[in-house]
Amino acid sequence: MNITDGWLSAAKRVVSPNFDMRPDATDISMIVIHCISLPPGEFGGDWIDRLFTNTLPQDAHPYFAAIEDLKVSAHALIRRTGEIVQYVAFHERAWHAGESSYAGRTCCNDFAIGIELEGTAETAYMDIQYERLAELIAALLDCYPTLSRRRIAGHSDIAPGRKNDPGPSFDWCRLWRLIERRPVART
Ligand SMILES: [Zn+2]
Numbered sequence: 096m097n098i099t100d101g102w103l104s105a106a107k108r109v110v111s112p113n114f115d116m117r118p119d120a121t122d123i124s125m126i127v128i129h130c131i132s133l134p135p136g137e138f139g140g141d142w143i144d145r146l147f148t149n150t151l152p153q154d155a156h157p158y159f160a161a162i163e164d165l166k167v168s169a170h171a172l173i174r175r176t177g178e179i180v181q182y183v184a185f186h187e188r189a190w191h192a193g194e195s196s197y198a199g200r201t202c203c204n205d206f207a208i209g210i211e212l213e214g215t216a217e218t219a220y221m222d223i224q225y226e227r228l229a230e231l232i233a234a235l236l237d238c239y240p241t242l243s244r245r246r247i248a249g250h251s252d253i254a255p256g257r258k259n260d261p262g263p264s265f266d267w268c269r270l271w272r273l274i275e276r277r278p279v280a281r282t
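96 is the number of the first residue of the sequence shown in our numbering; add one for each residue after it.
Here it is as structure tokens:
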């Protein structure tokens, strides 16, 4: 996977307006794993793209009306098919973490890359999603030397009590195994 100017060449690009500049552009030092499905528990369709581009039709589902005012984004989404969609360049600040804290620092959006998995906290993720996630993390580690395998966390870890994603359905051991298998090339 190649990253050029903050964008994955292999990803579908759906540009979100929900981003701004990081306070320190050189500080990209953690990865946050999330899950999302729209409506909750349903997979497929382009509702997530629509949410992140502020074009979700309120009348299409009662849940959509409830989140009408939400301005959110993530850097990338890994769909259940393995397709990757990118919304925000990795060096920009996406709006995924909300009120959060990691290793003594608050406002994780400032320094984090947010990756969404299409799924729920209760439904097993797809094999291809783990594979793609590991490939994406390897590419990010190559591209941004300030990132580290040791600074990858779930949304629930940085916003405990408020968020539960990616949930008990996410197999962290499996991710660690996949990441460790991959040598990280440094030039
Ligand atoms: Zn989340």
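All residues carry an ideal CB built from backbone N, CA and C; glycine is no exception. As the structure is a prediction and not an experimental result, all values here were calculated from the model.
Other residues of its chain near residue i: CB distance less than 8 Å, five sequence neighbours each side excluded
i, result
"R227", "I173, G177 and I179"
"D122", "D205, F206 and T241"
Neighbourhood of residue i by C-beta distance below 7 Å, restricted to the same chain and skipping five residues each side
i, result
"W102", "R108, Q181 and A184"
"A120", "H186"
When the options are compared against residue i, the one with the closest alpha-carbon
i, options, result
"N259", "D266, W267, F265 and H250", "H250"
"E213", "C203, H129 and C202", "H129"
"W271", "F138, R245, C203 and G199", "R245"
"G136", "P118, D154 and R175", "R175"
"S196", "I232, D222 and A254", "A254"
Contact set for residue i: own chain, Cβ-Cβ below 6 Å, skip 5 residues either direction
i, result
"I98", "A234 and C238"
"S243", "none"
Whether residue i touches residue j by CB criterion (7 Å)
i, j, result
"A219", "S168", "no"
"E194", "F114", "no"
"G209", "V127", "yes"
With 16 other Cβ atoms within 10 Å as the buried cut-off, status of residue i
i, result
"I125", "According to the sequence as given, residue 125 is Met; it is not Ile. So M125 counts as buried."
"P157", "exposed"
"R276", "exposed"
"W267", "exposed"
Extent of the continuous beta strand (DSSP E) run through residue i
i, result
"L172", "A171 to I173"
"I128", "M125 to I131"
Residue i - containing alpha helix (DSSP H), residue span
i, result
"R145", "W142 to F147"
Subject >> Residues with C-beta closer than 5 Å to any heavy atom of ligand 2, in chain order >> reply: Judged by which ligands are present, ligand 2 is missing from the structure shown, whose ligands are ligand 1.
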